[in-house]
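Residue numbers (our numbering): 2 to 93. All C-beta atoms, glycine included, are put in the ideal place defined by N, C-alpha and C. Just below is one structure, and these are the notes that go with it.
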Amino acid sequence: MLIGTIVTFINLLIFALIVSGLIYLFILLVKALRKYLKAEPIRKEKAETARSLGEVLKSHRTACKMTQEFVAEALGVSRQAVSKWESGVSHS
2 MLIGTIVTFI NLLIFALIVS GLIYLFILLV KALRKYLKAE PIRKEKAETA
52 RSLGEVLKSH RTACKMTQEF VAEALGVSRQ AVSKWESGVS HS
């Protein structure tokens, strides 16, 4: 009888640990989602910055009467890369 009680107690303890672990994982997931949702304005700000940097690049390039091909060759990148920079699609 005593062994059966101990086994039952251990089973309840294991069950409690599993449930508490699942609750902890749920809390971590909620925290991560809240952080992700709060980060949206930062992503928008980065996109706006990339777009404005691209506009500056394009205005200087056109003011100097340079083509995208010329700038790309001078920098050692593709013309498509310069185009993406100017449009704000890519800033790498």
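If the criterion is Cβ atoms closer than 9 angstroms, does the pair residue i and residue j meet it?
i	j	result
G89	E46	no
Distance, Cα to Cα, residue i vs residue j?
i	j	result
L34	Y25	14 angstroms
V72	V31	46 angstroms
V83	T50	16 angstroms
L14	I7	10 angstroms
M67	P42	34 angstroms
With a CB to CB cut of under 7 angstroms and the five nearest residues on each side skipped, what residues in its chain are close to residue i?
i	result
G58	The sequence as given places Leu at residue 58; Gly does not occur at that position. If we look at L58 and ignore the five residues flanking it on each side, its Cβ neighbours are W86, E87.
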